[in-house]
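Novice: As you go down the protein sequences, you meet chains W and Y in turn. Residues in the first sequence are numbered from 8 upward in steps of one, following this note's numbering. Residues in the second sequence are numbered from 168 upward in steps of one, following this note's numbering. Don't be surprised by glycine CBs; every beta carbon is placed ideally from N, CA and C.
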Amino acid sequence: MTNLDFEKPVSDIESRIADLKQMHPSPSSEIEAEIRKLKEDQIANLKRIYADLTPWQTVQVARHPDRPLIRDFIAGVCSEFIELHGDRLFGDDQGMIGGFATIGKHRVVLIGHQKGRTLEEKIKCNFGQACPEGYRKALRLMKLAEKYHLPVVSLIDTPGAFPGADAEERGQAEAIARNLMEMAALHTPIVVIITGEGGSGGAIGIGVGDTILMLSHAVYSVISPEGCASILWRDGTKAAEAANALKITAKSLLSLKVIDEIIPEPVGGAHRDYPSTMKVVGKSIERHLDKLSHTSTHKIVKRRFEKFAAMGRFK
Amino acid sequence: MGWFIKKQQPVAKPEPREDIWIQCPSCKAHIFKDEWEKDLKVCKECNYHERLTWKERVDILLDPKSFKEIASRISFNDPLKFSDAKGSYASKAAENRGKTGLNESIVTGTGKLHGVRVTVAVMDFRFLGGSLASGTGEKFLQAGMFALKHKQPFIVFSASGGARMHEGIISLMQMPKTCAVLARLREAKVPYISVMTDPTTGGVSASYAMVGDIHIAEPRALIGFAGRRVIEETIKQKLPDSFQTAEYLLAHGFVDIIVARKDMKDTLHRLMKYCSR
Ligand SMILES: [Zn+2]
Chain W
8 MTNLDFEKPV SDIESRIADL KQMHPSPSSE IEAEIRKLKE DQIANLKRIY
58 ADLTPWQTVQ VARHPDRPLI RDFIAGVCSE FIELHGDRLF GDDQGMIGGF
108 ATIGKHRVVL IGHQKGRTLE EKIKCNFGQA CPEGYRKALR LMKLAEKYHL
158 PVVSLIDTPG AFPGADAEER GQAEAIARNL MEMAALHTPI VVIITGEGGS
208 GGAIGIGVGD TILMLSHAVY SVISPEGCAS ILWRDGTKAA EAANALKITA
258 KSLLSLKVID EIIPEPVGGA HRDYPSTMKV VGKSIERHLD KLSHTSTHKI
308 VKRRFEKFAA MGRFK
Chain Y
168 MGWFIKKQQP VAKPEPREDI WIQCPSCKAH IFKDEWEKDL KVCKECNYHE
218 RLTWKERVDI LLDPKSFKEI ASRISFNDPL KFSDAKGSYA SKAAENRGKT
268 GLNESIVTGT GKLHGVRVTV AVMDFRFLGG SLASGTGEKF LQAGMFALKH
318 KQPFIVFSAS GGARMHEGII SLMQMPKTCA VLARLREAKV PYISVMTDPT
368 TGGVSASYAM VGDIHIAEPR ALIGFAGRRV IEETIKQKLP DSFQTAEYLL
418 AHGFVDIIVA RKDMKDTLHR LMKYCSR
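What follows is the structure, encoded as structure tokens:
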């Protein structure tokens with residue numbers, strides 16, 4: 008487990024526990040009690056720290072190297088997943104994956120960004136930055152969902168759409184734009200979950216839905232805090248200030264009515280407890296799919312329009 | 168997304184008289200002011216199409232005195248109470264309004280184009296770099312709904328550096344918001360023509376600018392998703408000058424026609440004849 012700077016009290020306790028265990032291969036009841044006490048301490052510390060994360064600390068958690076990724080969610084939430092590949096136009100982007108999936112009693116089409124865990128995977132996935140063919144693959148699968156009236160479940164975790172020359176050449180802007188228009192009118196329910204990083208256009212490119220859920224330590228922003236800091240503060244190191252100003256945490260987004268619900272992560276973040284994370288995410292998706300399945304498609308599409316039409320604060 | 172594009176500053180040289188001469192922002196050639204105006208601010212040396220104010224655009228485009236503004240009172244707000252190193256967004260936007268007389272980065276309305284009733288939305292780069300934010304999105308939505316209701320072709324002139332950072336996620340949400348109304352136009356078979364002018368980048372290129380029935384670009388306009396510097400840092404290479412130009416997009420299949428400013432009105436009129444039912 009990689010510990011973050013602000014988790015120092017927790018790391019200290021963890022190393023003390025490790026030391027004790029090493030020094031006492033067959034611990035006395037006294038030592039066991041001490042270890043128990045330390046573990047309680049550790050949890051108390053995690054609770055305290057995570058109850059009050061700053062926006063910039065939340066960014067660190069959302070980008071944590073051990074944070075569950077799409078493959079983990081598929082393994083933990085879906086009883087079946089049949090991956091479908093390619094956009095039928097150019098290629099099979101690994102930065103965006105999708106296919107048929109079963110979640111509880113619901114058969115769905117699941118799409119989402121893939122960041123990759125190992126360095127090799129990350130390079131293959133462009134670190135979760137999808138290319139135009141990724142957005143087009145996602146759209147192809149969403150159209151398939153519409154045809155068979157399967158709900159779409161979209162998992163968002165990306166630093167942003169890939170900013171490469173080849174991505175521009177193949178129409179990154181057009182690919183995202185088209186998804187926005189098609190998703191607005193897609194005649195099947197769409198549940199969106201921001202699981203980690205919701206990076207700008209790359210995120211919204213699969214982020215139009217009827218229910219927008221967000222894990223409690225995920226972030227969602229128009230620009231990365233570093234990017235914003237380097238432009239508006241003219242200093243990339245002012246990312247923490249930019250993160251504050253941009254209002255990127257789940258709590259802020261809920262109050263801005265950009266998301267509908269926060270999925271609470273286990274104590275110390277999703278990366279510390281996959282099983283609990285999967286359970287709560289799975290339950291939440293099922294509950295919303297249940298709800299949407301009782302509403303007519305016509306009404307769903309109408310409400311989706313109204314939902315996004317109402318986004319904005321102007322005078 | 169959200170970066171601003173700075174206009175290239177004229178090179179500091181002994182200045183010819185400003186009352187007579189204009190310097191082309193692109194090739195730096197000196198051109199008679201009268202000629203510059205007569206050519207609709209297009210450089211006769213390099214064909215650069217200078218950015219226009221919304222008023223200049225409407226005057227070129229619509230029949231005289233036919234323009235009526237829609238949603239004119241909608242103005243920026245400050246949903247995040249945003250402040251950066253240089254101060255508050257509220258004061259920056261207010262200052263911009265003072266300088267430009269604009270409430271937002273877009274002006275929307277209805278008018279006649281060679282006698283055909285159309286709904287138009289014209290972005291103005293002077294207002295915070297034509298950035299897309301709540302007010303922009305709302306005006307766009309209302310204009311789109313007007314076009315839908317009256318079955319008027321909807322013509323949008325984009326000029327934008329992208330989403331406005333100062334309204335954070337709310338700016339990002341204007342991308343699906345604007346595209347949602349365009350989905351309705353499509354369903355009702357109301358024509359939507361997107362005209363990309365210099366520059367059309369970031370969140371505007373990745374939303375309404377790129378989902379037109381027809382994509383028109385002005386010559387040499389900068390059009391693209393990511394910023395040049397970001398791309399160069401990603402690929403560790405210098406990009407050619409031709410990258411992300413209107414001509415580049417035409418060659419790669421994302422623009423239908425490049426239309427010179429002087430031909431814009433007639434071309435739109437000819438196109439619309441094919442887009443009515
Ligand atoms: Zn010139």
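(1) Using 8 Å as the threshold, is the region 85-93 of chain W in touch with the region 262-281 of chain W, meaning 3 or more CB pairs across them?
(2) Can you list every residue whose CB sits closer than 6 Å to some heavy atom of ligand 1, going in chain order?
(3) If distances are taken between C-alpha atoms only, which option among 259/Y, 360/Y, 402/Y and 332/Y comes closest to residue 441/Y?
(4) Identify whether residue 296/W lies in helix, strand or coil by the three-state DSSP scheme.
(5) Residue 245/W and residue 336/Y: beta carbons closer than 9 Å?
(6) Alpha carbon to alpha carbon, how far is residue 387/Y from residue 224/Y?
(7) Going along the region 201-220 of chain W in order, which residues come within less than 7 Å of chain Y, judged by CB to CB distance?
(8) Can you list, in chain order, the residues of its chain whose CB lies under 7 Å from that of residue 67/W, leaving out five sequence neighbours each side?
(9) Consider the Cβ of residue 322/W: report whether some Cβ of chain Y lies at a distance smaller than 9 Å.
(10) Would you mind stating whether residue 212/W and residue 182/W have Cβ atoms separated by less than 9 Å?
(11) Reducing DSSP to helix, strand and coil, say where residue 197/Y ends up.
(12) Would you mind sorting residue 144/W into buried or exposed? The rule is 16 or more other CB atoms within 10 Å of its CB.
(13) Between the region 400-424 of chain Y and chain A, which residues of the former have a C-beta closer than 9 Å to a C-beta of the latter?
(14) Mapping DSSP to helix, strand and coil, what is residue 18/W?
(15) If I follow the unbroken alpha helix (DSSP H) through residue 126/W, where does it start and stop?
(16) With a threshold of 9 Å between beta-carbons, can residue 8/W be considered close to chain Y, or not?
(17) Please classify residue 318/W: does DSSP put it in a helix, a strand, or coil?
(18) Please report the distance separating the alpha-carbon of residue 184/W from that of residue 333/Y.
(19) Pull up the distance between the alpha-carbon of residue 256/Y and that of residue 250/Y, whole angstroms please.
(20) Of the residues 398/Y, 218/Y, 268/Y and 288/Y, which one's Cα is nearest the Cα of residue 229/Y?
(21) With 16 other CB atoms within 10 Å as the buried threshold, where does residue 25/W fall?
(22) Measuring only the C-alpha atoms, how far is residue 253/Y from residue 57/W?
(23) Scan the region 73-97 of chain W for residues whose Cβ lies nearer than 7 Å to a Cβ of chain Y and list them as they occur along the chain.
(24) Give the DSSP-derived three-state secondary structure of residue 89/W in the structure shown.
(25) Per DSSP, what kind of secondary structure is residue 328/Y in: helix, strand or coil?
(26) Suppose the cutoff is 7 Å on Cβ atoms and the five residues either side in sequence are ignored; what does the same chain contact list for residue 315/Y look like?
Specialist: Once the coordinates are examined:
(1) no
(2) 191/Y, 193/Y, 194/Y, 196/Y, 210/Y, 212/Y, 213/Y and 215/Y
(3) 360/Y
(4) helix
(5) no
(6) 17 Å
(7) 207, 208, 211 and 215
(8) 11
(9) yes
(10) yes
(11) strand
(12) buried
(13) Structure shown: chain A not included; protein chains present are W and Y.
(14) helix
(15) 126-131
(16) no
(17) coil
(18) 22 Å
(19) 6 Å
(20) 288/Y
(21) exposed
(22) 32 Å
(23) none
(24) strand
(25) coil
(26) 351, 352, 355 and 357
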